[in-house]
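Notes for the one structure printed next.
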Amino acid sequence: MKEVTQAIRAQPNIKASAIGNFPSELDVCELLLENEADVDHCDHGGRSPLWAAASMGHAPVVALLLFWGCCIDSMDSEGRTVLSVAAAQDLEVSIYILSVFRLAALEGHYDIVQILVSNAADIDSKDADGRSTLYVLALDNRLAMSKYFLQQGADVETRDLEGRTPLHVSSWQGHTEMVSLLLTYGKAQVDACDLENRTALHSASWQGHSDIVKMLLEHGAMPDHTCNQGATALGIAAQEGHELCVVWLLPALPNLELKPEA
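For the sequence shown, this note's numbering begins at 355 and goes up steadily by one.
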């Protein structure tokens with residue numbers, strides 16, 4: 355490895371597409387990049403390091419190159435793209451694009467996110483649980499990056515496998531500012547339902563987030579909507595003992611007549 359390091363420092367743009375000839379391809383590739391090797395340098399056949407890594411099935415190297423901002427839509431001199439050679443090797447490049455994309459978003463690396471978006475990364479791609487990156491950002495209360503994703507056209511109504519939207523999960527978590535962002539900036543549907551026919555109002559009431567209950571009602575949430583189990587947000591809040599939620603929900607119910615105490 356010492357000899358390899360010396361060779362790289364002497365000639366940093368040694369062809370990274372030849373990294374398979376060295377032991378520990380990932381380590382050598384990372385060393386090349388740290389020494390300012392061109393991440394998109396191509397050989398005489400037009401093959402980039404990403405193309406070479408994909409064609410050889412080196413998934414970790416693919417992930418590393420994506421993290422360093424390589425071009426993902428390059429093709430060789432015969433017109434073969436990275437995705438086409440990856441498919442031939444049964445390498446699911448899309449999974450690695452998603453993982454790097456999501457990691458960069460969660461860590462606030464706008465430059466990496468912008469590179470991936472500009473190279474046609476799917477901003478609404480989902481993981482195995484059906485969660486988009488915006489969904490995860492809302493769940494984790496990453497306000498600034500969520501706003502950037504909304505500016506880039508991310509689907510605010512994206513749903514996980516249970517039918518929950520970013521508004522559902524941010525309401526459940528008690529992320530008041532995120533709920534406000536999704537409603538006012540993202541124009542999220544306030545009464546979007548999951549597979550159990552529960553709305554964000556159900557979520558907030560269940561967890562006792564009275565400030566979010568108030569906000570959802572102010573944005574037109576239906577207080578008398580029932581889920582598949584027949585429960586309203588008021589019923590859930592009362593069952594869970596969330597007094598402040600009940601205070602906001604009770605007057606909002608239509609055609610409700612409160613009898614004065616005798």
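Where is the CB? At the ideal position from N, CA and C, for every residue including glycine.
Just to check my reading of the structure: residue i and residue j have Cβ atoms closer than 8 angstroms, yes? What is that Cβ distance to the nearest angstrom?
i, j, result
"residue 419", "residue 393", "6 angstroms"
"residue 592", "residue 600", "6 angstroms"
"residue 487", "residue 456", "5 angstroms"
Residues in its own chain within less than 8 angstroms of residue i by CB, not counting five upstream and five downstream?
i, result
"residue 495", "524, 527, 529, 531, 532"
"residue 580", "551, 586"
"residue 517", "547, 548, 549, 550"
"residue 576", "545, 553, 555"
"residue 471", "477, 506"
"residue 508", "477, 478, 486, 487, 488"
Apart from the five residues on each side of it in sequence, which residues of its chain come closer than 7 angstroms, Cβ to Cβ, to residue i?
i, result
"residue 540", "504, 510"
"residue 388", "none"
"residue 566", "525, 528, 530, 533, 558"
"residue 536", "492, 510, 520, 521, 524, 542"
"residue 578", "586, 607, 608"
"residue 571", "577, 602, 606"
"residue 500", "488, 491, 492, 532, 535"
"residue 515", "483, 484"
Please return the same chain residues whose Cβ sits closer than 6 angstroms to the Cβ of residue i, not counting the five positions on each side in sequence.
i, result
"residue 669", "Past the edges of the chain, shown from 355 to 616, lies residue 669, and the structure says nothing about it."
"residue 431", "399, 400"
"residue 596", "562"
"residue 421", "454"
With 16 other CB atoms within 10 Å as the buried threshold, where does residue i fall?
i, result
"residue 520", "buried"
"residue 620", "As displayed, the chain neither begins before 355 nor continues past 616, which places residue 620 out of reach and without an answer."
"residue 538", "exposed"
"residue 465", "exposed"
"residue 482", "exposed"
"residue 498", "exposed"
"residue 588", "buried"
"residue 569", "buried"
Provide the residue span of the alpha helix (DSSP H) that contains residue i, from first to last.
i, result
"residue 589", "587-594"
"residue 384", "379-388"
"residue 499", "497-505"
"residue 602", "597-606"
"residue 318", "Missing from the structure shown is residue 318; the chain here goes from 355 to 616 and no further."
"residue 422", "Counting along the chain, residue 422 falls outside any alpha helix (DSSP H), and DSSP gives it neither H nor E."
"residue 565", "564-572"
"residue 557", "554-561"
Within 9 angstroms of any Cβ in chain B, is that where the Cβ of residue i sits?
i, result
"residue 459", "The question asks about chain B, but that chain is absent: this structure has only one protein chain."
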